[in-house]
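In what follows, a single structure is set out as structure tokens and then discussed.
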Amino acid sequence: MARPVDVSQLLGTLKGHKSGNNIGKKPLKKAKFLSKSEREALLQSENTNVNNKKFVEEDKPSTSNENVPQDDAGRTSTESLKQEPSVRHSSTKSKFNFDWQNSDDTLTDYKPLTTLRVNDLLKAKSIADDGLNKIEESYLGKHWTQKKIGEMTERDWRILREDFQISIRGDSIKQPLRNWNELNLIPNDLSNIIIKDLRMENPTPIQRATIPNFISNNNRSVLGVASTGSGKTFAFIIPILTKLNQIPDRPRSIRVLEGPKALILAPTRELAQQIETEAKRITNIWDKHDYKVVSIVGGHSVEEISYELSDGCDILVATPGRLIDCLENHMLTMGSVSTVVLDEADKMIDLGFEEQLTTILNILEMDSTIKKEKRQIVMFTATMTSPIEKIARQYLNKPINISIGSSENTIPKIQQKVIYAPSDDMKFNKVVEQLRDSLPPVIIFINHKRIADILAEKLKKETRCNVVTLHGSKSQEQREKSLSALKNNNAQIMIATSIAARGLDIPNVSLVINYEMPKNFEDYVHRIGRTGRAGNIGTAITFIGEYEDITIVEKLQKYVETENPLRNNEFDRKIERLYKIHEAKSEYIIF
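Numbering-wise, the sequence shown is residues 1 to 591 according to full-length UniProt numbering.
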């Protein structure tokens, strides 16, 4: 490469001189500051030249390259320094529009250090999600449903509990069931009955959490908090039968002498009979054993109960009041009871059975041949109240606390509609209209039993549906026949009073109609709770007339506004105006 040019020669060349010695004859102008008007004039002159696309190029100075060295390519150093002015074509379409030539693109000859790209890894966009899942799986492992029980990590168990919204607290707790067979807790023939005959392919959340802790921790109590209709019945029937399977079968004489091995207390006779029915669904099929299940409830004479107990029993289902009557009459002994289940304990307290409940538990402690710490007490409740906590502290042994679902998910999914209907004809027409759009079974609540039969006849003629009634004038046999017809879909509509329907568990009720608003607001809550159970969505329609108790109507309006999980409750504007609850702005208020 040529020797660098002398600085004076360069300066002279740029000024049109042969050498830098002549620079002094034309000194450089000093910098000066321009005024505002001068700057604007200069700027305007430059813009004019650009817009007219006239770019003035300086005349090339006449230079002599005699004394200027040349490089290897034959060019002088000054020629290599000079550059052709780049002509840029400006656009006036937009104020901010920056133009450049292709030669100005700095990425033209860009050569990256690596050619690895994301799409090369994922192959194509269509399999991107699958690829990401595989990458995630390689880091985090397979989902717990794809693992064997021995491969489960603490993280897997946590995910399982989160999937089913299971919360378990206590010492030495057992992990939830993944399926019926895996842990070998339940006899194979019993699990086959559950899966094939009862068609329960997988346990419900309360069953997953309760069964292993019920069976494995023989001397530990269990306190389960779950909503009604969540599958609690089989959550304690299956463990009871499993524990009975672990001891030799007892002949009739021993059953009569020792009494039941398991006691189940329920708040109402309807619930007690339902539990008995569910237990017999298994025992009637499980012919390996001859287990005897008996219920003691009101509505049956002492002679009938005595006859049922004449062969003894393995599992006794009872209401608190009727059981105390039988114990006082020495109709059975409770000395061998090793398992006690308190189902819907909160309802037993609400119905005033707290004293009777504690009396029964005290009798078990005094008369039983089984020590207190060896007897297992399992309690289920939908809500935790002070009386429930008191009983738990006094009678439960190191309880394992199980809770299913968050507070939001335990709320029944019910849409409440409150409609103004001042006359019976208007009510009936609206009922018929609603029935056309609803699936059975449907429950219609009334306050007076005389209305039940009249309404039933009218609905049979108008809708051609089978209608059954349930009220206090019905015998126990008639009541049970009506319930059976509704559950077996032989009837589509049931008309019932609040008292008669208390404790009912009719699955898949799509619609509840309050043909008459109850006089007690707690009965309203109980009525609409017949629908929207076990995760299903239900509808509750209530008719309000002109002569309702204003206190009840105000409570109803507030309840409809606050208890609104589906965000679609409706409260008729006419009712608010009639009872002067507050000013309404639309035909229906959608909360």
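C-beta: ideal position from N, C-alpha, C; glycine also.
Can you give me the C-alpha to C-alpha distance between residue 37 and residue 45, rounded to a whole angstrom? Reading the sequence shown from its first residue, position 37 is the one you call residue 37. Reading the sequence shown from its first residue, position 45 is the one you call residue 45. Between residue 37 and residue 45, the alpha-carbon positions lie close to 12 Å from each other.
Take residue 509 as the anchor and find which of 204, 457 and 414 has the nearest alpha-carbon. To locate residue 509, count along the sequence shown from 1; it is residue 509. Nearest in C-alpha terms to residue 509, of all of 204, 457 and 414, is 414.
Measuring only the C-alpha atoms, how far is residue 148 from residue 282? The count along the sequence shown starts at 1 and reaches residue 148 at position 148. The count along the sequence shown starts at 1 and reaches residue 282 at position 282. Roughly 29 Å separates the two Cα atoms.
Going by other Cβ atoms of all chains shown within 10 Å of its Cβ, with 16 needed for buried, is residue 276 buried or exposed? One-based indexing of the sequence shown puts residue 276 at position 276. The residue is buried, with at least 16 neighbouring Cβ atoms inside 10 Å.
Where residue 549 falls: helix, strand or coil (DSSP): Along the sequence shown, one-based indexing puts residue 549 at 549. The answer is coil: DSSP assigns residue 549 none of H, G, I, E or B.
By DSSP, does residue 438 sit in helix, in strand, or in coil? Sequence index remark: in the sequence shown, residue 438 carries index 438 (1-based). In the structure shown, residue 438 sits in coil (DSSP, three-state: anything other than H, G, I, E or B).
Where the beta strand (DSSP E) containing residue 494 begins and where it ends: Mapped onto the sequence shown, residue 494 falls at position 494. 493-497 is the extent of the beta strand (DSSP E) around residue 494.
Can residue 440 and residue 514 be called in contact, C-beta distance under 9 Å? Here the question's residue 440 lines up with position 440 in the sequence shown. Here the question's residue 514 lines up with position 514 in the sequence shown. No, the Cβ-Cβ distance between residue 440 and residue 514 is not below 9 Å.
Contacting residues, own chain, Cβ-Cβ under 6 Å from residue 187 (five flanking each side not counted): Position 187 of the sequence shown, counting from 1, holds the residue named residue 187. If we look at residue 187 and ignore the five residues flanking it on each side, its Cβ neighbours are 245.
Leaving aside the five residues before and after residue 456 along the sequence, list all residues of the same chain whose C-beta is less than 7 Å from its C-beta, in chain order. Position 456 of the sequence shown, counted from the start, is the residue given in the question as residue 456. Around residue 456: 467, 469 and 495.
Residue 344 to residue 315 span [Cα, whole Å]: One-based indexing of the sequence shown puts residue 344 at position 344. One-based indexing of the sequence shown puts residue 315 at position 315. Residue 344 and residue 315: Cα-Cα distance of roughly 18 Å.
Have a look at residue 590 and residue 569 and give me their C-alpha separation to the nearest angstrom. Residue 590 sits at position 590 when you count from the first residue of the sequence shown. Residue 569 sits at position 569 when you count from the first residue of the sequence shown. Any reading at residue 590 must be qualified, since the residue scores a pLDDT of 49, below 50, and its modelled position is unreliable; the value itself is stated next. Taking the straight line from one Cα to the other gives about 6 Å.
Give a yes or no on contact between the region 551-569 and the region 433-452, applying the rule of three or more CB pairs nearer than 8 Å. no
Where residue 571 falls, given that 16 or more other Cβ within 10 Å makes a residue buried: For this step, residue 571 is matched to residue 571 along the sequence shown. Buried is the call here.
What residue range does the beta strand (DSSP E) around residue 571 cover? Residue 571 sits at position 571 when you count from the first residue of the sequence shown. 570-572 is the extent of the beta strand (DSSP E) around residue 571.
State the DSSP-derived secondary structure class of residue 420, mapped to helix, strand or coil. Position 420 of the sequence shown holds residue 420. Of the three classes helix, strand and coil, the one that applies to residue 420 here is strand, per DSSP.
Buried/exposed call for residue 418, threshold 16 Cβ in 10 Å: In the sequence shown, residue 418 corresponds to position 418, counting from 1. Per the 10 Å Cβ criterion, buried.
Presumed contact (8 Å Cβ cut-off) between residue 165 and residue 405, rounded CB distance: As a working mapping, residue 165 is identified with position 165 in the sequence shown. As a working mapping, residue 405 is identified with position 405 in the sequence shown. Right, their Cβ atoms sit about 5 Å apart.
Own chain residues within Cβ distance below 7 Å of residue 449, not counting five before or after: Within the sequence shown, numbered from 1, the residue matching residue 449 stands at position 449. Only residues of its own chain outside the window of five on either side were considered, and among them 471, 472, 473 and 497 have a CB closer than 7 Å to the CB of residue 449, listed in chain order.
Pairwise C-alpha distance: residue 396 and residue 155: Along the sequence shown, one-based indexing puts residue 155 at 155. Along the sequence shown, one-based indexing puts residue 396 at 396. So the alpha carbons of these two residues sit roughly 31 Å apart.
Expressed to the nearest angstrom, what Euclidean distance is found between the alpha-carbon atoms of residue 425 and residue 177? In the sequence shown, the residue the question calls residue 425 occupies position 425. In the sequence shown, the residue the question calls residue 177 occupies position 177. Taking the straight line from one Cα to the other gives about 54 Å.
By the three-class DSSP mapping on this structure, what secondary structure does residue 413 have? Translated into the one-based positions of the sequence shown, residue 413 becomes position 413. Three-state DSSP puts residue 413 in a strand.
Would you mind stating whether residue 493 and residue 463 have Cβ atoms separated by less than 9 Å? Position 493 of the sequence shown, counted from the start, is the residue given in the question as residue 493. Position 463 of the sequence shown, counted from the start, is the residue given in the question as residue 463. Yes.
Note the first and the last residue of the continuous beta strand (DSSP E) segment covering residue 484. As a first step, residue 484 is located in the sequence shown; it is residue number 484 there, counting from the start. Counting along the chain, residue 484 falls outside any beta strand (DSSP E), though it belongs to the alpha helix (DSSP H) covering 476-487.
May I ask you to list the residues that DSSP assigns as paired with residue 560? The residue you call residue 560 lines up with position 560 of the sequence shown. Per DSSP, none; premise fails for residue 560.
Do the region 534-549 and the region 511-525 make contact, defined as three or more Cβ pairs closer than 8 Å? yes
Cα separation between residue 364 and residue 249? Your numbering for residue 364 matches position 364 in the sequence shown. Your numbering for residue 249 matches position 249 in the sequence shown. Their Cα atoms are separated by approximately 23 Å.
Let me know if residue 416 comes out buried or exposed under the rule of 16 or more other beta-carbons within 10 Å of its beta-carbon. In the sequence shown, counting from the first residue as 1, residue 416 sits at position 416. By the neighbour-count rule (16 or more Cβ atoms within 10 Å), residue 416 is buried.
Does residue 179 come out as helix, strand or coil in the three-state DSSP assignment? By 1-based counting over the sequence shown, the position of residue 179 is 179. Residue state, collapsed to three classes: coil.
Around the C-beta of residue 602, are 16 or more other C-beta atoms found within 10 angstroms, so that it is buried, or is it exposed? Only positions 1 to 591 of the chain appear in the structure, and residue 602 is not among them; the question remains open.
Using the Cβ count rule (16 or more neighbours within 10 Å means buried), how would you classify residue 575? Residue 575 sits at position 575 when you count from the first residue of the sequence shown. By the neighbour-count rule (16 or more Cβ atoms within 10 Å), residue 575 is buried.
Within the region 164-227, ranges of the beta strand (DSSP E) (whole runs, at least 3 residues): 166-169 and 222-225
When 427, 348 and 289 are compared against residue 458, the one with the closest alpha-carbon: For the purposes of this step, residue 458 is identified with residue 458 of the sequence shown, where counting begins at 1. Answer by Cα proximity: 427.
To which residues of the same chain is residue 612 closer than 6 Å at the C-beta, ignoring the five residues directly before and after it? One cannot answer for residue 612 here, as it falls past the ends of the chain, which runs 1 to 591.
Provide the residue span of the alpha helix (DSSP H) that contains residue 240, from first to last. For the purposes of this step, residue 240 is identified with residue 240 of the sequence shown, where counting begins at 1. Looking at the DSSP string, the run of the alpha helix (DSSP H) that includes residue 240 is 232-245.
With DSSP as the reference, identify every bridge partner of residue 376, one or two as the case may be. Within the sequence shown, residue 376 is the residue found at index 376, counting from 1. BP columns for residue 376 point to 339.
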